[in-house]
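Numbering (mature numbering (1 follows the signal peptide of the UniProt record, and there is no 0)), first residue to last: -24 to -1, 1 to 610.
Yeah, the Cβ is synthetic: ideal placement off N, Cα and C, and Gly gets one too.
Note that this is a predicted model, so its numbers are computed, not measured.
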């Protein structure tokens, strides 16, 4: 969250100096400027509004000849010969003025403000403290020092200064406002709300107060009140892009993705130069699995600011999710080079190495992530997953135990432990583990889905289908659950398996990543049911309508466009190899080639893991075929 800092400025007193036009420079919108001479502010028609003191800081909104449209609690024009950029030259100029006019205490305030913007907080605090010593009754000086203390995270001292601001000037909303920011940083949300309520009572027309109260409501997960405050800020100032951006984040948490996209579109329209807006929109596209649009937005954010590592992380994740692992690795490499102390970078890169079957590289990155931050349970859980992929179950369990020690309520780790039990063939314990997760949260769609897999492997097919149907009911937006309804029905040899595939297509369409799986399942379910016409219909209706994501090559194989050898050759990752063997095996089975099908399913049993859905399919089919071979009833 980006809190909006409020500033106070002194009204200019008697003249300090006249400024040479030599100070005039080429300014651009977005520049931070400081007043270095006695300036006046004017309205759009050139009428004088007020004087403004030396040391006052503003942001440039527009440049028109020698005039600058500035903002910071006021929108007005100033002659650029009275200002200069906020930099060390400004410090030098203000220092010369202080030497010539030591009686002008507000010059110390101005220099302190510039030091603060330059993040040289000790020097800023020293200037504000000297101003307070010379004039202890002026609230602006306490305000400046309090802000510098807050930004340097000296919160207790900052609170004392803002208390003094309020004592000296209880009718000024800014004191309550900035004190609320300190309370918010300290996660004292009720105290922050109390101060923001008072600021709004004193000045109900300032949109910043509603924005920051909205941020506090957001922190408290009170989404309706957060939306109301951001909406009020937008009503007061519909040109402020940050209000739309902040409201979009709440919509995301409320799973209102279309509303979030609408707000981010407006934020970008109002300010197309802010890379964070593109990043946030990219995150929404990513959550909708529209990876092409996500990548486009992350790329634009990178173009606008190529120095921000988080933009590379975002794009890298979208590359990875779309199966473009080499591009993902390049982005994660770049992000790590920018911020080598960020454990998340190594963690994200490890996930790509894992998908590529490069387990040693995945372990190396996870070891580094754990070295940097040994308190994150995700790192241990995913290292356990890598050990599991390497068939080192003892180390996998040890890492899961450590993850649970850090976070005893981590359901993902509990889920992984259940997977380890499935892999060891201990289906009863896996089912019991998932049942416990369901007891803790009866709406846990993933727990029902995974218990369904355990029951499927235990050959409890009716209960397995019931679990996956419940998973889809609990979360109708869960593509994986909805698609697995069709998979489970196919494995249970139900005649409505193809109907479940059609239900999936009707709900989600054919442009999503999982849609390729739907066509594969639909075609194979129809062929195994002896309905070649229905299989052909699935394959023909999807012609030129699917994405190029895996398992698109399997669709081409089923159409006869790829040979079995060609499909296996282009299956480059362990997951893709498992999928290729699984679907070739099902095709062989549908065409009566039982021995060949068994070879493919046995390959999966020996080389895949229980996290791949294809593993469950292969094991179920092996059980069937082995029972038939032995004369047992499946």
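Collapsed DSSP secondary structure at residue i in the structure displayed
i: residue 349; result: coil
i: residue 159; result: helix
i: residue 234; result: helix
i: residue 332; result: coil
i: residue 94; result: coil
i: residue 33; result: strand
i: residue -4; result: In this prediction, residue -4 scores a pLDDT of 36, lower than 50, which makes its location untrustworthy; the coordinate-derived value is nonetheless stated afterwards. It is helical.
i: residue 40; result: strand
i: residue 408; result: helix
i: residue 76; result: helix
i: residue 456; result: helix
i: residue 3; result: coil
i: residue 612; result: Residue 612 cannot be examined here, being either before or after the span of the chain that is shown, -24 to 610.
i: residue 326; result: helix
i: residue 583; result: helix
i: residue 417; result: coil
i: residue 229; result: helix
i: residue 471; result: coil
i: residue 428; result: helix
i: residue 435; result: coil
i: residue 367; result: coil
i: residue 385; result: coil
i: residue 486; result: coil
i: residue 215; result: coil
Residue environment, residue i, which counts as buried when at least 16 other CB atoms sit within 10 Å
i: residue 65; result: exposed
i: residue 506; result: exposed
i: residue 350; result: exposed
i: residue 317; result: exposed
i: residue 583; result: exposed
i: residue 631; result: Missing from the structure shown is residue 631; the chain here goes from -24 to 610 and no further.
i: residue 28; result: buried
i: residue 292; result: buried
i: residue 416; result: exposed
i: residue 184; result: buried
i: residue 76; result: exposed
i: residue 389; result: buried
i: residue 539; result: exposed
i: residue 376; result: buried
i: residue 219; result: buried
i: residue 483; result: exposed
i: residue 347; result: exposed
i: residue 26; result: exposed
i: residue 597; result: buried
i: residue 24; result: exposed
i: residue 613; result: No answer is possible for residue 613: it lies beyond the span of the chain, which begins at -24 and ends at 610.
Nearest to residue i (by Cα), restricted to the options the options
i: residue 556; options: 126, 543, 313, 568; result: 543
i: residue 297; options: 221, 9, 91, 259; result: 259
i: residue 403; options: 595, 554, 389; result: 595
i: residue 224; options: 253, 197, 249, 245; result: 253
i: residue 550; options: 566, 365, 540; result: 365
i: residue 248; options: 33, 231, 215, 235; result: 215
i: residue 33; options: 152, 19, 82, 314; result: 82
i: residue 344; options: 330, 325, 334, 533; result: 325
i: residue 37; options: 15, 21, 7; result: 7
i: residue 461; options: 39, 425, 209; result: 425
i: residue 611; options: 72, 63, 11; result: The chain is shown from -24 up to 610; residue 611 falls before or after that span and cannot be answered.
i: residue 74; options: 46, 585, 30; result: 30
i: residue 593; options: 235, 300, 497, 479; result: 497
i: residue 332; options: 554, 567, 96, 86; result: 554
i: residue 263; options: 144, 227, 547, 358; result: 227
i: residue 514; options: 392, 546, 473, 239; result: 473
i: residue 153; options: 119, 124, 125; result: 119
i: residue 464; options: 450, 478, 443, 274; result: 443
Sheet register partners of residue i (DSSP bridge)
i: residue 26; result: 17
i: residue 53; result: 18, 45
i: residue 11; result: 59
Handout entry: Inside the segment 292 to 316 only - alpha helix (DSSP H) runs reaching at least 4 residues
Key = 301 to 314
Practice task
Write down every uninterrupted run of the alpha helix (DSSP H) in the segment 186 to 213 whose length is 4 residues or greater and which is fully enclosed by it, in chain order.
Solution key: 199 to 212
Practice task
Run through the segment 242 to 293 for me and flag every whole alpha helix (DSSP H) of 4 or more residues, listed as ranges in chain order.
Solution key: 251 to 263, 267 to 280
Handout entry: Residue ranges of each alpha helix (DSSP H) within the segment 488 to 576, 4 or longer
Key = Runs of the alpha helix (DSSP H) inside the segment 488 to 576: 491 to 504, 508 to 517, 528 to 535, 540 to 546, 550 to 566.
Practice task
Would you list, in sequence order, the uninterrupted alpha helix (DSSP H) runs of no fewer than 4 residues that lie entirely inside the segment 99 to 171?
Solution key: Qualifying alpha helix (DSSP H) stretches, in chain order: 115 to 127, 131 to 144, 149 to 161.
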